[in-house]
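Numbering-wise, the sequence shown is residues 1212 to 1395 according to the numbering used here. Quick reminder that beta carbons are idealized off the backbone N, C-alpha and C, glycines included.
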Amino acid sequence: MVFADRTSLLSDAEELAQYQLHENNLEDPGYRQFLQRLAAPLLRSLPATGLSGLDFGCGPGPLLAQMLREAGQHMAVWDPYFAADAAVLQQHYDFISCSEAIEHFVNPAQEWALWLTLLKPAGTLAIMTKRYTTAAAFSGWHYKLDPTHVSFFSADTFAYLAKRDGFTLNIADNDVVILQRRKH
1212 MVFADRTSLL SDAEELAQYQ LHENNLEDPG YRQFLQRLAA PLLRSLPATG LSGLDFGCGP
1272 GPLLAQMLRE AGQHMAVWDP YFAADAAVLQ QHYDFISCSE AIEHFVNPAQ EWALWLTLLK
1332 PAGTLAIMTK RYTTAAAFSG WHYKLDPTHV SFFSADTFAY LAKRDGFTLN IADNDVVILQ
1392 RRKH
């Protein structure tokens, strides 16, 4: 895992200003197609419809949650800037989705630990984030230039977390991982 230099972190106000520049329009078919890259493998991994899910880091336009609702799942949303309802962090979920948000976590171990408490025993984590491959590739990688991107994951990072915390890992796409908690 690679972390941004802590002296380069934005203030909350600067970070929010960056997020408000994003154009995540709920009616944009291109945005829907982009999110389908996470929604499709997540839905294939779930045993049924009618399950409880949390879209963690949903942003100002929670289209992924809407798409999962359309597919028959019950969804809650959480985002520190756009949907900061602490009550949803007191529930337990069959699955948690996180699309293009984990790279914004200043202390990703803290959010990961929270997810482990929110996830039901046989639950699923579905994460979409660009992964770096090598240190050499990282040095010229465009993804790290976004000042709100501060935590960078590799396939090895997710393999380590899966092994440590009792998940099976499915690398579903170049930037999508599905982690299913093993039943004990």
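Closest to residue i by C-alpha separation, out of the options, would be which residue?
i     : options                       : result
L1246 : C1269, E1225, G1351 and G1264 : C1269
D1296 : L1274, L1265 and Q1321        : L1265
D1384 : A1251, H1360 and A1228        : A1251
G1272 : A1224, E1314, T1335 and Q1231 : Q1231
L1390 : L1300, T1335, T1344 and F1349 : T1335
R1217 : Y1354, L1279 and S1362        : S1362
L1227 : T1359, Y1371 and L1380        : T1359
R1375 : E1311, A1320 and A1347        : A1320
F1364 : E1314, S1222, W1352 and D1239 : E1314
Quick one: what's got a C-beta closer than 7 Å to residue i's C-beta in the same chain, skipping five residues either side?
i     : result
D1290 : G1268, C1269 and G1270
A1276 : D1266, C1269, M1286 and V1288
Run through DSSP, which three-state label would residue i get?
i     : result
R1217 : helix
Tell me which residues share the same chain as residue i and place their Cβ nearer than 6 Å to its Cβ, disregarding the 5 neighbours each side in the sequence.
i     : result
V1388 : I1338, F1369 and I1382
L1262 : Q1284 and D1305
D1331 : Before going further, note that residue 1331 is Lys rather than Asp in the sequence given. Excluding positions up to five away in sequence, the list reads H1303 and D1305.
V1349 : First, the amino acid is wrong: residue 1349 is Phe here, not Val. Excluding positions up to five away in sequence, the list reads Y1343.
K1394 : A1333
Could you give the residue range of the beta strand (DSSP E) that holds residue i?
i     : result
L1237 : Premise fails: L1237 is in no beta strand (DSSP E) and is neither H nor E.
Could you give the residue range of the alpha helix (DSSP H) that holds residue i?
i     : result
L1390 : Run containing L1390: none in the alpha helix (DSSP H); it sits in the beta strand (DSSP E), V1387 to R1392.
Q1229 : D1223 to Y1230
Could you pull out every residue in the same chain whose Cβ sits closer than 8 Å to the Cβ of residue i, ignoring the five residues on either side in sequence?
i     : result
L1325 : L1300
A1294 : C1269, P1273 and V1288
L1253 : L1279, F1306, S1308, T1335, A1337 and I1389
- [ ] Let me know the alpha helix (DSSP H) ranges lying completely inside the region 1330-1379, each 4 residues or longer, listed in chain order.
- [x] 1346-1350 and 1366-1376
Task: Unbroken stretches of the alpha helix (DSSP H), 4 residues or longer, contained in the region 1253-1334 - done: 1274-1281 and 1319-1329
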